[in-house]
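Residue numbers (our numbering): 5 to 268. Quick reminder that beta carbons are idealized off the backbone N, C-alpha and C, glycines included.
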């Protein structure tokens, strides 16, 4: 009976799978790190607006990118050279990553209230630092416009910012106001009115609703997740299936190589 042959289809599909995976990770890591350190952007300031004890999250991108680079390299060379050690390394670590992702998903569901508190903390710290960095300011404006919200829980959160708070000691013209991104846009206006939020928090609640969004971004983000649950879940399931597919290909190739070697 002729011995089992190594499947060229499995071999090169696994190689191509890792090349795409590898190149994508390299591009993502380069873009994130250039944006984070090469520019005075949001990532370079995240350590000051998160509860991470001064840890710069850009390092997290570097570590994750490095691990994925090594994993993709092992998968590519292992498939091309039919190296069972590298293929086992690839499948075991890809399985470990899948397990960690599954664990993170379960923990996120169990500790969703804690995550909500952290999101609230993050947004409020962003509000405090709104005028400190133009990229951070653009990020907040984009979030408030996209989710039609204002502040973490409402417009009053802008009291945390030294330019927008309502204290008598505040000399700013923006006192008791909100950023323009909180304003309800008039379709007839072609040019953004950046002063539309001035003094708006001096108005009564019902009157405010005519001019600005009064819902907080935490609640609006939760609503967006619920409305797009199928899409978000589909993305995560798709990623998980790709990982399982890669593990199966690697294990299949290891089995083929061992069978061929056993017939020598």
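- Under the 10 Å beta carbon count, residue 253 is surrounded by 16 or more other beta carbons and is classified as buried.
- The beta carbons of residue 18 and residue 250 sit closer together than 9 Å.
- The C-alpha of residue 257 lies about 8 Å from the C-alpha of residue 91.
- Closest in alpha carbon position to residue 223, among 96, 115, 127, is 127.
- For residue 116, the enclosing alpha helix (DSSP H) has its first and last residue at 116-132.
- A distance below 7 Å between beta-carbons, with the five flanking residues on each side excluded, links residue 204 to the following residues of its chain, in chain order: 181, 182, 212, 215, 216.
- 9 Å or more divides the Cβ of residue 230 from the Cβ of residue 98.
- Excluding residues up to 5 positions away in sequence, 22, 94 lie with their Cβ nearer than 6 Å to the Cβ of residue 79 in the same chain.
- Counting along the chain, the unbroken alpha helix (DSSP H) around residue 251 starts and ends at 233-266.
- Its chain contains 22, 25, 26, 29 as the residues whose beta carbon lies nearer than 7 Å to that of residue 76, once the 5 sequence neighbours on both sides are disregarded; these appear in chain order.
- In this structure, residue 130 lies near residue 140, with their beta-carbon atoms less than 9 Å apart.
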